[in-house]
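Q: Okay, so the sequence shown: first residue is 1 according to UniProt numbering, each after it adds one. All C-beta atoms in this analysis are idealised placements derived from N, C-alpha and C, irrespective of residue type, glycine included.
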Amino acid sequence: MFDLIVKDYIIIFLDLNKLDAIERLSWRRIDPVTWESFWPEFIQDINPKTGNQLIIRDDDKPEAVSKRVDTFYQNTLPLLALWAAEWKKVYKIDASKTVEEVFSQIENIIESK
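1. Assuming residue 174 and Lys92 are in contact, meaning their beta carbons sit under 8 Å apart, how far apart are those beta carbons, in whole angstroms?
2. Would you check if there are 3 or more beta carbon pairs closer than 8 Å linking the segment 67–84 to the segment 43–52?
3. Does DSSP put Arg28 in a helix, in a strand, or in coil?
4. Please report the residue range of the alpha helix (DSSP H) in which Asp70 lies.
5. How many angstroms separate the CA atom of residue 149 from the CA atom of Glu63?
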């Protein structure tokens with residue numbers, strides 16, 4: 001399928017258990033003007049660069065994130081398994097590692113291609 005559109009591609013699957021995914025994605029706040037994201041660890045309610053009030057989108061509340069993760073498991077994960085078996089271009093990365101470790105793994109995969 002992808003071969004009909006693009007000849008040189010890879011798929012990087014960031015593997016993370018459901019509870020960790022929900023925790024990481026929930027309660028993210030955004031600047032409604034610039035769409036800049038701020039994670040829960042950022043304790044201010046104002047974007048320090050713009051002065052805009054940060055908001056929490058309904059999509060970033062735990063219930064919505066849980067539904068998105070369930071949809072991924074039901075619809076996308078089976079496709080990843082199929083693509084991995086058929087095209088051998090799916091690379092699985094343990095996304096529970098630190099940002100630096102995950103980035104390094106992604107960088108290594110891309111550089112090796």
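A: Here's the rundown:
1. The requested residue 174 does not occur in the structure, where the chain is confined to residues 1 to 113.
2. no
3. Numbered from 1 along the sequence shown, position 28 holds the residue referred to as residue 28. Arg28 falls in the coil class under three-state DSSP.
4. Within the sequence shown, the letter at position 70 stands for residue 70. Segment 62–71, the alpha helix (DSSP H) holding Asp70.
5. Since the first and last residues shown for the chain are 1 and 113, residue 149 lies out of range.
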